[in-house]
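A.B. asks:
Numbering (mature numbering (1 follows the signal peptide of the UniProt record, and there is no 0)), first residue to last: -27 to -1, 1 to 93.
#1: Does the separation of the CB atoms of residue 6 and residue 52 fall below 9 Å?
#2: To the nearest angstrom, how far is it from the Cα of residue 61 to the Cα of residue 77?
#3: Expressed to the nearest angstrom, what Euclidean distance is found between the alpha-carbon atoms of residue 39 and residue 21?
#4: Given this structure, state the Cα-to-Cα distance separating residue 45 from residue 80, to the nearest angstrom.
#5: Tell me which residues share the same chain as residue 69 and place their Cβ nearer than 6 Å to its Cβ, disregarding the 5 neighbours each side in the sequence.
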């Protein structure tokens, strides 16, 4: 009985982890998601904010917000951190420094954010 409970618990945990990993693919254009910094930003998404939280492992900063850009109309403007490349069809209009985009534990005032524009 105890073995069966353990197997069921592991199966449930695996299913939950799969559901969380699949969440970005089901997002609508413009949706945001908060994830741990160790999570790779999916294709078509950009990082929009970085911070430190107790729920994610690792050093500071260890959390980020990502935004789904796929499907947004031409002409849309989005502020994004320079920690990921812009998706295809998006152009960097402006580069600047943002306190929300400090994705390194080493302080810097170098430009770390972009104003992106959907061009195609």
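By construction, the Cβ of each residue, glycine as well, lies at the ideal position given by its N, Cα and C atoms.
C.D. replies: Here's the rundown:
#1: Between residue 6 and residue 52, the C-beta gap is not smaller than 9 Å, which leaves the two residues out of contact.
#2: Looking at the backbone, the Cα of residue 61 and that of residue 77 are separated by about 25 Å.
#3: In a straight line, the C-alpha of residue 39 is about 6 Å away from that of residue 21.
#4: For residue 45 and residue 80, the distance between alpha carbons rounds to 33 Å.
#5: Counting only Cβ-Cβ distances below 6 Å, and skipping sequence neighbours, we find 84 and 86.
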